[in-house]
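Chemist:
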Amino acid sequence: MTAPTPACEPPPANSRSTAGRELLIAWVHLAVLWAFAIGRPLFQVLQDSPEFFVARGNTSADIVLFAIALTLLPPTLLLICEAVLVPLGRARRLLHLAFVGLLVAAIAVQTINGIDTSGKLLVLVALACGLAGAVAYARTRVAPAMLSVLGPAPVVFLALFLLVSPVSDLVRPQNEVSAMPTGISGSTPVVVVVFDEFAGSTLLDEGRKIDATRFPNLAAFAGHATWYRNATTVADQTVRAVPAILTGSRSSRDRLPTASAYPQNLFTALGERYSFDVDEPITDLCPDQLCHDSVSGSASSRLRSLFDDLSVVSAHLLAPPDLEHRLPAVDRTFAGFRNAGRDTDEGSDFGAGDLPSAAFENRVARFERFADALDGGGSRPQLGFLHIALPHVPWQYLPSGQSYPVSGPDTPGLQDEHWGKDPWLAAQAEQRYLLQLGFADRLVGRLMSRLREAGLYDGALIVLTADHGVSFRADENRRAVSAGNIVDIAGVPLLIKTPGQRQGEIDDGFARTVDILATIAKTLGGRLPTPIDGRPLPHPVAGGEVVTVDRYGGGRVRIPFDTYVQQRDAAVRRRIDVFGSGDGFARLFAAGPDPDLVGRSVGSVPAAPESGVHAELDFRREYSAFEPDAPEVPAFVTAQLSGSAAGGETIAIAVNRRIVAVTHSYLDGSDVRVGAIVPPTAFTRGENRVEALAVTGEGESARVAPIGQLQTEQATLVRRGGELVVVPSKGPEIRVVPGVADGFIDTLSEDDDGIDVSGWASDASHTKAADRVMLFAGDRLLQATRPSIVRTDLAKSFGIGLAKAGFAFTDSAVEGADEEELRVIAVVGGRASELRR
1307 MTAPTPACEP PPANSRSTAG RELLIAWVHL AVLWAFAIGR PLFQVLQDSP
1357 EFFVARGNTS ADIVLFAIAL TLLPPTLLLI CEAVLVPLGR ARRLLHLAFV
1407 GLLVAAIAVQ TINGIDTSGK LLVLVALACG LAGAVAYART RVAPAMLSVL
1457 GPAPVVFLAL FLLVSPVSDL VRPQNEVSAM PTGISGSTPV VVVVFDEFAG
1507 STLLDEGRKI DATRFPNLAA FAGHATWYRN ATTVADQTVR AVPAILTGSR
1557 SSRDRLPTAS AYPQNLFTAL GERYSFDVDE PITDLCPDQL CHDSVSGSAS
1607 SRLRSLFDDL SVVSAHLLAP PDLEHRLPAV DRTFAGFRNA GRDTDEGSDF
1657 GAGDLPSAAF ENRVARFERF ADALDGGGSR PQLGFLHIAL PHVPWQYLPS
1707 GQSYPVSGPD TPGLQDEHWG KDPWLAAQAE QRYLLQLGFA DRLVGRLMSR
1757 LREAGLYDGA LIVLTADHGV SFRADENRRA VSAGNIVDIA GVPLLIKTPG
1807 QRQGEIDDGF ARTVDILATI AKTLGGRLPT PIDGRPLPHP VAGGEVVTVD
1857 RYGGGRVRIP FDTYVQQRDA AVRRRIDVFG SGDGFARLFA AGPDPDLVGR
1907 SVGSVPAAPE SGVHAELDFR REYSAFEPDA PEVPAFVTAQ LSGSAAGGET
1957 IAIAVNRRIV AVTHSYLDGS DVRVGAIVPP TAFTRGENRV EALAVTGEGE
2007 SARVAPIGQL QTEQATLVRR GGELVVVPSK GPEIRVVPGV ADGFIDTLSE
2057 DDDGIDVSGW ASDASHTKAA DRVMLFAGDR LLQATRPSIV RTDLAKSFGI
2107 GLAKAGFAFT DSAVEGADEE ELRVIAVVGG RASELRR
């Protein structure tokens, strides 16, 4: 019997046709492995959430092109790499085996991902599986034969996704939806603004009124409108809650949020009579013929946004559980995952119309565009509809409209949309939410001013509401409704000003978001052709009402209306105990484990023995050059702790020797971190001294101890045999050689305050941040740090592994050093490279 020829040996014949056949078979095998490793898992994620495409305004052509590209393009690119090596024969086959092994490893990671083990062990097991797969492919006939038999699989997965899955509803031609007759004949302007993740109870003060010191614009509007104080939503997720507002009926899980699925809605009801200014970023209920001017961007921008976000989703599919928390979250926003959904300047140019995800990348600019379009001109009355993703995560705004940067986790204490058991981390998130709600209130003031400028305010029908609430309870979900958080998720603001209304009213009856469309129709004198679930407001209280909220994943959570009100009021009292009310945001900034310390000078608090904890503060450069009027201010003071820190320590933050916040440290994987929101007024223009203090005891027995700046090691830089070597006081020597690490010193400049040194550092392949960065003056180590500063430019250029590859050294660390003798060494895996300037 003749032994099979190993896959790595060249075939007996080396003809062009044989090489072509080999490449074709190689492509089929790579396509099959890619389909199982990445294609099919992504298709499954997307078919479970087809609204992913709706939120980006993707057309059927976009979806088909995306699906075909995902199926065919990656294996084709891999094959092109192989084809270049065809003349080398054996090298081409070795590269093919490497591709096979990596794809088998990717399949293995997802197969064994549920095993409770360390990420490193999981990666090693997956790589072992990949190696075994490559060996089996090279040394047996069975493995290649199986892949050949599975050759049709990629096409089958593609067809199922496009023709059978829920996504098929977006691919097939849609029924044309047009305006419907409702009998509306007046000329009343209509303005509807739907906020997102806005719990109605967070507006209330001790008297159950809107806290006018925190939310003056909403309170002022309530003075001219009817405030349905006990209003509730009917669904816990945007893609079902917004359709309920627009259609007046509960939506079902199997219906996409599109006009063809909901042909009777606010837009079609007013389409015969009104001109539209509609900004509907997540749903798509306004028919194209009525909302043809909506911002959707070019096909290339839509696909770019799609592929960019799906690269992050793919990383989550492949990441071990204990490493996944280091990736940007994909379950908190609808787009912009790589930048954690934070607003950036990139979304501000709406004239270009080339950013379909601008609703998420610059919510402020989106709001401004909507408000400016409300002009009251034209021969037809105007309908203005805006769904704005505020005060929705990410929380980045202060009431002033200034934003603040975040280093470390974007939302400490939140894992898979579930709050951990530490109540302070959930409370700190609520603190940030309330500050961003203050900014949303500022936008309400901007909108009302614009309506007055345009002469629309007095005669308009104006509705302010939200899709659903949000919860901040330890060991509960943030937004998926449950019996434990229903009072937070169900409650939403609902304020309706009818035309000519000048006196505010409070209605404590049973009101729901599905009642909004019926109320609008009745106010305008119209009638909807098809019956809906909602009833015009106000309506009489019959007694025995039940608050019912549909769960996105199926089922409903119910609570008697009277019980809901009682529990909601109890939640308000608990919130006021923590954050106060009636004093603006003063008590809110002082919230924390020991609020009595806030406002005291460091010297007035008795000193405690040295804690043994070290802290490496983020944003030191921002503290040393503070500008009060800057668009972004470092109001979220964060740091990484080391030494004896184990998580749970009480830490005070002092600015210019005055305590401005008290917080708890927490575990972020194996790291110990701490964060605290501080008022921007605590800083002075220019140089500021920011320090962390360890707190022992509480109240009158509280003691504080300074926390030393992190100095991870002592080392010298020597030249030995023509090669640089880092010689630490403890541990092995580190050779400094080219090609181990990459990065740049972006800033190395001297001024009156000292020398600024900052930049970024990664491994040579740009897959992860460097292990640490060391700053030397000549042969003397000044400071060592781990890269942790967010760099979205690097994430977009190289991938999410470099999202936090930035570093910065303090002025004090380089005091007295000569700029010319400074050297920055980046360490990766026991070796190092010197960074370029």
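Mapping of the sequence shown onto the working numbering: residues 1307 to 2143, in sequence order. Using N, Cα and C, we set each Cβ at its ideal position, and we do this for glycine too. Quick caveat, the model's predicted, so the values are computed rather than measured.
1. If we count the other Cβ atoms within 10 Å of its Cβ and call it buried at 16 or more, is alanine 1505 buried or exposed?
2. Can you tell me where the alpha helix (DSSP H) holding glycine 1744 begins and where it ends?
3. If you draw a straight line from the C-alpha of leucine 1753 to the C-alpha of serine 1557, how long is it?
4. In terms of alpha-carbon separation, which member of Gln1809, Ile1792 and Arg1669 lies closest to glutamine 1742?
5. Name the residue from Ala1449, Gln1480, Asp1594 and Phe1778 whose alpha carbon lies nearest to the alpha carbon of leucine 1740.
6. When we look at the beta-carbon of asparagine 2146 and count the other beta-carbons within 10 Å, is it buried (16 or more) or exposed?
7. Among the residues of its own chain, which have a CB less than 7 Å from the CB of glutamate 2004, if the five just before and after it don't count?
8. Within its chain, find whatever has a CB closer than 6 Å to the CB of isoleucine 1516; leave out the 5 residues flanking it on each side and keep chain order.
9. Please list the terminal residues of the continuous beta strand (DSSP E) segment that includes aspartate 1585.
10. What distance in whole Å lies between the Cβ atoms of serine 2139 and proline 2044, which are believed to be in contact at a cut-off of 8 Å?
11. May I ask you to list the residues that DSSP assigns as paired with aspartate 1977?
12. Among residues of its own chain, excluding the 5 on either side of leucine 1823, which ones have a beta-carbon nearer than 8 Å to its beta-carbon?
13. May I have the straight-line CA-CA distance separating glycine 2033 from alanine 2083, to the nearest angstrom?
14. For threonine 1519, name the three-state secondary structure that DSSP assigns.
15. Indicate whether the contact test is met: 3 or more Cβ pairs, each with one atom in the region 1531-1542 and one in the region 1791-1800, closer than 8 Å.
16. For glycine 2065, which of Ile2131, Thr1987 and Ile2040 has the nearest alpha-carbon?
17. Take every Cβ of the region 1350-1369, pair it with every Cβ of the region 1406-1413, and state whether three or more of those distances are shorter than 8 Å.
18. Consult DSSP for glutamine 2089 and reduce its assignment to one of helix, strand or coil.
19. Beta strand (DSSP E) containing arginine 2009: first to last residue?
20. State the Cα-Cα distance for the pair valine 1496 and glutamine 1688, rounded to the nearest angstrom.
21. Candidates Arg1559, Ala1373, Asp1502 and Phe1895: which alpha carbon is nearest leucine 1612's?
22. Whether or not the region 1874-1882 and the region 1846-1853 are in contact is what I'm after, with contact meaning three or more pairs of Cβ atoms, one per stretch, closer than 8 Å; do they touch?
23. Runs of 4 residues minimum, wholly inside the region 1338-1412: which ones carry the alpha helix (DSSP H) assignment?
24. Should glycine 1275 be labelled buried (16 or more other beta-carbon atoms within 10 Å of its own) or exposed?
25. In chain order, what residues of the same chain lie with their CB nearer than 8 Å to the CB of glycine 1953, ignoring the 5 residues before and after it?
26. Rounded to a whole number of angstroms, what is the C-alpha to C-alpha distance between arginine 1608 and isoleucine 1369?
27. Rounded to whole angstroms, what's the CA-CA distance from glycine 1326 to valine 1415? Just pull it up for me.
28. Which runs of the beta strand (DSSP E) spanning at least 3 residues fall entirely within the region 1522-1550, listed in chain order?
29. Exposed or buried, which one is alanine 2000 when buried takes at least 16 other CB atoms within 10 Å?
30. Given that a residue counts as buried once 16 or more other Cβ atoms are within 10 Å of its Cβ, and exposed if not, what is glutamate 2006?
31. Let me check understanding here. Comparing Cα to Cα, which of Tyr1763, Arg2086 and Thr2073 lies closest to valine 1498?
32. Report the rounded CA-to-CA distance for proline 1380 versus alanine 1337, giving the unit in angstroms.
33. Under 8 Å by Cβ, that's how I've got leucine 2167 and alanine 1440 pegged, so tell me the actual separation to the nearest angstrom.
34. Mark arginine 2142 as exposed unless 16 or more other C-beta atoms lie within 10 angstroms of its C-beta, in which case mark it buried.
35. Can you tell me whether threonine 1488 is buried or exposed? The criterion is at least 16 other CB atoms within 10 Å of its CB, across all chains shown.
36. Check whether the region 1919-1932 and the region 1688-1699 touch, using three or more Cβ-Cβ pairs below 8 Å as the test.
Modeler: Considering the structure as presented:
1. Label assigned to alanine 1505: buried.
2. DSSP places glycine 1744 inside the alpha helix (DSSP H), whose first and last residues are 1729-1759.
3. Rounded to the nearest angstrom, the two C-alpha atoms are 29 Å apart.
4. It is Arg1669.
5. With distances taken between CA atoms, leucine 1740 lies nearest to Phe1778 out of Ala1449, Gln1480, Asp1594 and Phe1778.
6. Outside the displayed range of the chain (1307 to 2143) lies residue 2146, so it cannot be described from this structure.
7. Within the same chain, glutamate 2004 has close Cβ partners Asp1900.
8. Closer than 6 Å at Cβ, skipping near neighbours: Leu1509, Leu1524, Ala1525 and Ala1528.
9. Its beta strand (DSSP E) spans residues 1581-1585.
10. With a Cβ gap of about 6 Å, proline 2044 and serine 2139 count as contacting.
11. In DSSP, aspartate 1977 forms a bridge with Asp1974.
12. Ile1551, Leu1552, Thr1553, Gly1554, Asn1571, Leu1572, Ala1575, Leu1834, Ile1838 and Gly1840, listed in sequence order.
13. Per the sequence shown, the amino acid found at residue 2033 is valine instead of glycine. Valine 2033 and alanine 2083 have their C-alpha atoms roughly 14 Å apart.
14. Coil at threonine 1519, not helix or strand.
15. Enough Cβ pairs lie closer than 8 Å, so yes.
16. Out of Ile2131, Thr1987 and Ile2040, Ile2131 has the C-alpha closest to the C-alpha of glycine 2065.
17. The way I'd put it, the region 1350-1369 doesn't touch the region 1406-1413; fewer than three beta-carbon pairs between them come closer than 8 Å.
18. Here DSSP, grouped into helix, strand and coil, assigns glutamine 2089 to strand.
19. Residues 2009-2012.
20. Going by the C-alpha atoms only, they are around 6 Å apart.
21. When only C-alpha atoms are compared, the closest one is Ala1373.
22. Using a Cβ-Cβ distance cut-off of 8 Å, the region 1846-1853 and the region 1874-1882 are not in contact, since fewer than three pairs of beta carbons, one from each stretch, lie closer than that value.
23. Listed in chain order, they are 1346-1354, 1357-1360 and 1366-1390.
24. No answer is possible for residue 1275: the residues shown for the chain start at 1307 and end at 2143.
25. When the five nearest sequence neighbours on each side are left out, the beta carbons in the same chain lying within less than 8 Å of the beta carbon of glycine 1953 are those of Ser1971, Tyr1972, Leu1973 and Val1978, in order along the chain.
26. If I take the Cα positions, the gap works out to 10 Å.
27. Each residue's CA atom was taken as its position, placing glycine 1326 and valine 1415 some 32 Å apart.
28. With a minimum length of 3 residues, the continuous beta strand (DSSP E) runs that stay inside the region 1522-1550 are 1532-1534.
29. Looking at its Cβ environment, which holds 16 or more other Cβ atoms inside 10 Å, alanine 2000 is buried.
30. By the neighbour-count rule (16 or more Cβ atoms within 10 Å), glutamate 2006 is not buried but exposed.
31. Relative to the Cα of valine 1498, the nearest Cα in the group Tyr1763, Arg2086 and Thr2073 belongs to Tyr1763.
32. Rounded to the nearest angstrom, the two C-alpha atoms are 8 Å apart.
33. The structure shown does not extend to residue 2167, since the chain is modelled only from 1307 to 2143, so the question has no answer here.
34. Classification for arginine 2142: exposed.
35. Threonine 1488 should be labelled buried.
36. The region 1919-1932 is not in contact with the region 1688-1699.
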